[in-house]
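In what follows, a structure is listed as structure tokens, so that the remarks can point back to it.
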Amino acid sequence: MTDTNAATTGGRPLWQVILALALYFTLALNLALALKLWAILDALPTVSVGFVISLPFFFIAAFNLIFHCLSWPGLTKPLFVPLLVVSSVVSYAMVQYGILPDQEVIASGMETNSHELGSYFSGSLVLWIVGFGVLPALLLWRTRIGYGGSLPRFVLLNKLVPMLASVLVIGLIAALYYVDYASVGRNNSYLRKMIIPTHFVYSIGKYVKHNYLSTPQPYQPLGEDAHVTAEPVDGKPRLLVLVIGETARAANQQLNGYERETNPYTSKMPELVYFPDVATCGTATAISVPCMFSDFDRGHYDRAKALNQDNLMDILHHAGIDILWRDNDGGSQKVANHIAYESIAADSDPNLCDGESCYDAVLLDGLAEKIGALKGDRVVVLHLMGSHGPTYFKRYPPDFSHFEPACNRADIENCSREQLVNVYDNTLRYTDWMLDQVVSLLRAHEAEYDSAMLYVSDHGESLGEDGLYLHGMPYALAPQTQTRVPMMLWMSPAFREDEGLALSCVQAQAEQGGWSQDHFFHTVLGLMKVGTGVYLPDMDTLHRCRG
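As structure tokens, this is what we get:
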């Protein structure tokens, strides 16, 4: 029975339905907010009992007021039924993983492929959605809503009276406890991002506006003056392999001081340079990848502008460098729109793929031949699946399960801390093996190319610390486990000689720290000896070491 006529009589009065929804959103779907508020208040030296008691009444009144503004004949059920289901998904992500649904998270989710989205599904998620979303939505859909007969009666009894009551409750609470609310809100401004459904609906609105409703910005060419400033002395073409990692955090890198052997291969390369604790541009792939391939630094990054101008790949192309992007992570985030691009199909190699995803070793298939088919100086990008969760166990073959017991399930919140760290560290060991394979390939072709490899991860990951899992936290609130990543550089002797780089100087520079993905753009231009007005030498990590 649907609510299509304001004159509908009988059934449950609208004001009761809306009040029930306000109660449900406050007491059930905002569980993560309630737990966070409790932790904040519990940590305060003193707190007013009246203020604590007023909190649920404040949210109930606020939701009641907002929901009444949105509930009209013919609209109530079509609006709130899907809202309940979507809110249950958001609630699960917040309670189980500590994810806040801001615009960056929405963008990341909207641009994720179906296979990756499928990796997040688990029995726990399904049960949560059914219990907190589907069943309440069905109950609402089956409820016959009465609108009070005549239009004046409807407006008076089902609109003005309950809305006025909500305003009075909010006003009374504000009069009594304004200072308490202001203090908690000011010192914990992120709390507004935890309110379901207001903030995620707001974030979706911003995403839709910026991506579909805004006037497209005119495309801006960049670095059209780019040129190779000097040819290699030995006459061999330069070859740079950029390995873009996924979800590898610096804290769990053996080369970063971590006690476990997560870099058993690269740690044995004396000529490899490790840059510790590199700061990311974002906490999600959809932000970090286009950001570090742009000429923006993190403080000035504008996604819309970055995607409507030439990026690092385009500038290298302007300089006459041949480029290939091979992707095993669901897409280049539009960075490779104007260059040769190869997406690895999930069924491309029966030995390395399961139809949903592939091990990163698939990127090595035919790589030497692909490199050989390029002309002149060349850059190859390998975009790894890396340590992408929550199905970490699917990122490496069984014989790479070095640390046991491992968390071999998608609902990682139900694994022990030991199991979760083990499975994550196994992904890092597999990535380390991948880097070793790339370097081995470059060494095998030193007679053909002056070669180098630069590896950097897009963002880090939370593994249950402080109740946080995965990534995507707003940058200002994100722990360093999400914002600090590894970066590694390997150069062949001929490449170093041509660049005039002393390995000891590069290693000393790296150890100074303070590096970020802001330096990636300029470092790559420097490695390929590309001169252009957009190149900033001081942002090139190797500039001070060039002879």
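First residue of the sequence shown: 16, per this note's numbering; consecutive thereafter.
For each residue, glycine too, the CB sits at the ideal point set by N, CA and C.
Everything numeric in this text was worked out from a predicted model, so none of it was measured.
With 8 Å as the threshold, decide whether the Cβ of residue i is near any Cβ in chain B.
i          : result
serine 372 : Any reference to chain B falls outside this structure, which holds one protein chain only.
Considering only residues of the same chain and omitting the five flanking positions on each side of residue i, which have a CB-CB separation below 7 Å?
i                 : result
isoleucine 210    : Asn45 and Leu48
asparagine 441    : Tyr411, Phe415, Ser416, His417, Phe418 and Ala421
alanine 122       : Tyr222 and Ala301
isoleucine 386    : Leu254, Arg393 and Val395
leucine 98        : Pro212
valine 436        : Leu478
threonine 277     : Asn267, Gln268, Gln269, Asp440, Leu443, Arg444 and Asp447
lysine 67         : Just to set this straight, residue 67 is valine in the shown sequence, not lysine. Closer than 7 Å at the Cβ level, and outside the excluded window around valine 67, lie Leu56.
tyrosine 470      : Val258, Gly260, Leu450, Met502 and Met503
histidine 315     : none
proline 151       : Tyr39 and Leu99
methionine 16     : The predicted position of methionine 16 is uncertain, since its pLDDT is 39 and thus under 50; no value can be drawn from it.
phenylalanine 147 : Ala43, Leu44, Ser103 and Ser106
proline 252       : Gly391, Asp392, Arg393 and Tyr464
proline 552       : His558
threonine 281     : Leu270, Leu287, Asp447, Leu450, Asp451 and Met503
Using DSSP bridges, identify the partner residues of residue i.
i              : result
aspartate 342  : Ser358 and His398
tyrosine 484   : Leu478
glutamine 111  : Paired residue(s): none; glutamine 111 is not in a bridge.
methionine 506 : Ala467
glycine 324    : It is worth fixing the name first, because residue 324 is glutamine in this sequence and not glycine. DSSP, once it has assigned bridges, lists Gln235 as partnering glutamine 324.
alanine 294    : Arg499 and Ser531
cysteine 368   : Cys373
arginine 393   : Leu254 and Asp337
glycine 381    : Partner(s): none; glycine 381 has no beta bridge.
proline 28     : Gly161
leucine 516    : Arg561
serine 282     : Paired residues: none, contrary to the question.
glycine 546    : His242
tyrosine 289   : Met503
serine 472     : Gly260
Assuming residue i and residue j make a contact with CB atoms under 8 Å, what is their CB distance in whole Å?
i                 : j                 : result
tyrosine 411      : tyrosine 445      : 4 Å
alanine 319       : phenylalanine 311 : That belief does not hold up - the Cβ atoms of alanine 319 and phenylalanine 311 are roughly 11 Å apart, past 8 Å.
leucine 518       : leucine 557       : In fact, because the Cβ distance is near 11 Å, the residues do not count as touching under 8 Å.
serine 134        : proline 413       : With 8 Å as the limit, serine 134 and proline 413 do not qualify as a contact, their Cβ atoms being about 18 Å apart.
serine 139        : aspartate 513     : About 54 Å; that fails the 8 Å criterion.
phenylalanine 308 : valine 243        : Incorrect: roughly 19 Å between the Cβ atoms, too far for contact.
aspartate 369     : glycine 401       : Actually they are not in contact, since the Cβ atoms of aspartate 369 and glycine 401 sit about 17 Å apart, beyond 8 Å.
threonine 547     : isoleucine 330    : 6 Å
valine 539        : leucine 287       : That belief does not hold up - the Cβ atoms of valine 539 and leucine 287 are roughly 18 Å apart, past 8 Å.
alanine 76        : isoleucine 144    : Not confirmed; about 28 Å, so no contact.
lysine 224        : aspartate 117     : No, lysine 224 and aspartate 117 are not in contact; Cβ-Cβ is about 15 Å, not under 8 Å.
glutamine 532     : valine 293        : 7 Å
isoleucine 354    : histidine 333     : In fact, because the Cβ distance is near 11 Å, the residues do not count as touching under 8 Å.
valine 549        : glycine 238       : 5 Å
leucine 155       : valine 101        : Wrong, their Cβ atoms sit about 14 Å apart, outside the cutoff.
Return the chain-ordered list of same chain residues with a C-beta closer than 6 Å to the C-beta of residue i, the five sequence neighbours on each side being excluded.
i              : result
glutamine 111  : Glu428
cysteine 520   : Cys560
asparagine 271 : Ala265 and Pro291
alanine 21     : Bear in mind that a pLDDT of 43 at alanine 21, under 50, signals an unreliable position, so the model cannot answer this.
leucine 389    : Asp337
glutamine 356  : Checking the sequence shown, residue 356 turns out to be tyrosine, not glutamine. So the qualifying residues of the chain are Trp340.
serine 69      : Ile188 and Tyr192
alanine 525    : Val288 and Phe290
proline 28     : Gly161
arginine 205   : Here the sequence assigns tyrosine to residue 205, which means arginine is not the residue at that position. Around tyrosine 205: Leu492.
Residues in its own chain within less than 8 Å of residue i by CB, not counting five upstream and five downstream?
i             : result
leucine 399   : Val258, Ile259, Gly260, Glu261, Asn343, Asp344, Asp375, Leu378, Thr446 and Met449
threonine 19  : Here threonine 19 scores only 44 on pLDDT, less than 50, and its place in the model should not be relied on; the value that follows carries that caveat. Cβ neighbours of threonine 19 beyond the five flanking positions: Pro88 and Gly89.
alanine 361   : His130, Cys368, Asp369, Gly370, Glu371, Ser372 and Cys373
threonine 127 : Gly345
proline 177   : Trp30, Ile33, Leu34, Asn79 and His83
proline 305   : Arg318, Ala321, Leu322, Asn326, Gln348, Lys349 and Val350
leucine 228   : none
threonine 61  : none
Inset, instruction - Check whether the segment 423–437 touches the segment 462–477, taking contact to mean three or more Cβ pairs, one atom from each stretch, closer than 8 Å. - result: no
Inset, instruction - Check whether the segment 89–106 touches the segment 253–269, taking contact to mean three or more Cβ pairs, one atom from each stretch, closer than 8 Å. - result: no
Legend entry - Contact the segment 501–510 vs the segment 449–461: 3+ CB pairs below 8 Å: yes
Legend entry - Length-filtered (3 minimum) beta strand (DSSP E) runs lying within the segment 412–454: none
Legend entry - In chain order, each alpha helix (DSSP H) run of at least 4 residues that lies wholly inside the segment 179–262: 213–223
Legend entry - Touch test, the segment 467–477 against the segment 288–305, Cβ-Cβ under 8 Å, three pairs minimum: yes
Legend entry - Sufficient close CB pairs (3 or more, under 8 Å) joining the segment 356–373 to the segment 229–240: no
Legend entry - Within the segment 109–159, ranges of the alpha helix (DSSP H) (whole runs, at least 4 residues): 118–125, 129–133, 138–144 and 150–157
Legend entry - Any alpha helix (DSSP H) of 4 or more consecutive residues that is wholly inside the segment 45–85: 46–58 and 64–85
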